[in-house]
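Numbering (this note's numbering), first residue to last: 18 to 377. Idealized CB from N, CA, C, for every residue including glycine. It should be emphasised that the depicted structure is a prediction, and the values quoted were computed from it without experimental measurement.
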Ligand SMILES: [Fe+2]
């Protein structure tokens with residue numbers, strides 16, 4: 018099932034949703050297009066059209082492109098200063114030059130290619146029984162235009178692995194001036210190694226322009242842009258809500274999508290952890306994100322020097338809790354402008370949902 022929170026209006030009002038037909042469905046999963054008419058948690062009417070670029074999506078894209086052109090940053094707390102980025106970029110460039118000077122760049126590059134397959138089982142008392150054992154392949158921050166040599170390494174790790182759902186939590190692209198095909202081409206290559214029984218869901222990161230939506234749809238992904246989708250098995254369902262990037266492109270629609278999603282076991286897919294507190298307040302059970310690259314360049318022991326989180330900083334790496342919600346921040350598959358890692362390994366994560374057995 019697909020439910021769509023209307024991203025074109027104020028959070029307090031909604032228009033009929035439009036559809037996305039999932040490209041990759043398992044026979045065991047029922048997928049129906051729904052529309053939200055009014056009031057929280059009241060999905061009604063099924064099977065809308067097949068137009069990916071419905072009016073609300075167009076409105077979202079126009080607003081997103083204006084934000085991209087302004088080169089401004091908006092987070093949940095309002096406009097964000099660009100000076101941090103400038104200082105960070107200058108520092109990173111100096112660091113990269115330094116590693117080349119002392120010939121540490123080769124080692125950093127080898128570290129960046131030394132990625133890990135991580136498996137996590139997470140138990141939830143409210144998980145519907147039919148989703149016990151449900152496997153989610155969580156990919157984040159692929160940035161494959163920055164280091165395309167990651168593709169064969171990641172493909173070897175994924176060979177023979179079968180999952181139910183693929184969740185891609187943003188930053189598919191890396192270099193702002195590179196064509197999108199430089200990142201989506203290698204991603205398409207990597208996708209050949211992945212067996213996904215149900216659906217491929219994605220959200221955008223702060224490096225991804227609005228045009229990334231169409232590029233990912235061509236690869237079989239469904240983009241969630243401040244929207245929710247239902248995944249049903251028999252009479253049970255879970256809800257997945259995906260937000261547009263909240264680190265740079267935050268709008269109130271992101272919080273509207275969290276607070277107005279359907280009831281049930283809910284998973285949030287967001288590029289960064291910076292609205293984890295809002296998701297926890299809205300009683301989400303699981304929050305999957307990336308963005309930090311696990312620090313990418315860390316102190317010995319894996320302590321990040323900079324994690325690029327201006328909120329919810331406790332959620333910079335790995336498993337964490339926010340109220341009753343469990344979160345997982347991926348260290349990301351790829352790297353940013355500087356294709357090196359120190360004391361931080363890239364990762365692909367497979368998360369298995371388990372139904373917790375409550376004691377009498
Ligand atoms: Fe990233």
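- Residue 170: member of the alpha helix (DSSP H) spanning 167 to 175, first to last residue.
- Nearest to residue 312 by C-alpha distance, out of 302, 295, 330, is 330.
- DSSP places residue 220 inside the beta strand (DSSP E), whose first and last residues are 212 to 220.
- Applying a distance threshold of 5 Å between residue Cβ atoms and the heavy atoms of ligand 1 selects 158, 188, given in chain order.
- Taken in chain order, the complete beta strand (DSSP E) segments of 3 residues or longer contained in the stretch 309 to 343 are 335 to 339.
- Rounded to whole angstroms, the Cβ separation of residue 220 and residue 287 is 6 Å, and the two are in contact under 8 Å.
- Ranked by Cα distance from residue 95, the options 257, 327, 223, 188 are led by 327.
- In this structure, DSSP gives residue 96 an extended state, which the three-state scheme calls strand.
- In the three-state reduction of the DSSP assignment, residue 204 falls in the helix class, which pools H, G and I.
- Restricting attention to 166, 156, 253, 268, the CA atom closest to the CA of residue 345 is found in 156.
- Around the C-beta of residue 140, fewer than 16 other C-beta atoms lie within 10 Å, and the residue is accordingly described as exposed.
- Residue 167 and residue 318 have their alpha carbons spaced roughly 24 Å apart.
- Residue 267 is a Cβ neighbour of residue 91, given a cutoff of 8 Å.
- Around the beta-carbon of residue 373, fewer than 16 other beta-carbon atoms lie within 10 Å, marking it exposed.
- Per DSSP, the unbroken alpha helix (DSSP H) holding residue 124 starts and ends at 122 to 130.
- Taking a contact as a CB-CB distance under 8 Å, the pair residue 255 and residue 222 does not count as one, their CB atoms being some 23 Å apart.
- A contact between stretches requires three or more CB pairs, one per stretch, nearer than 8 Å, and the stretch 168 to 177 fails this requirement with the stretch 334 to 342.
- Listed in chain order, the alpha helix (DSSP H) elements of length 4 or more contained wholly in the stretch 250 to 319 are 269 to 276, 293 to 298.
- Taking C-beta atoms as the reference points, residue 152 and residue 180 count as a pair closer than 8 Å.
- Apart from sequence neighbours up to five positions away, the residues of its chain that approach residue 316 with a beta-carbon distance below 7 Å are 322, 360, ordered along the chain.
- Listed in chain order, the non-local C-beta contacts of residue 205 below 6 Å within the same chain comprise 236, local neighbours out to five positions each way being set aside.
- Residue 189 is positioned such that its CB atom lies closer than 8 Å to that of residue 159.
- For residue 184, DSSP records a beta bridge to 155, 218.
- For residue 195, same chain residues with a beta-carbon under 7 Å away, outside a window of 5 residues either side, are 162 in chain order.
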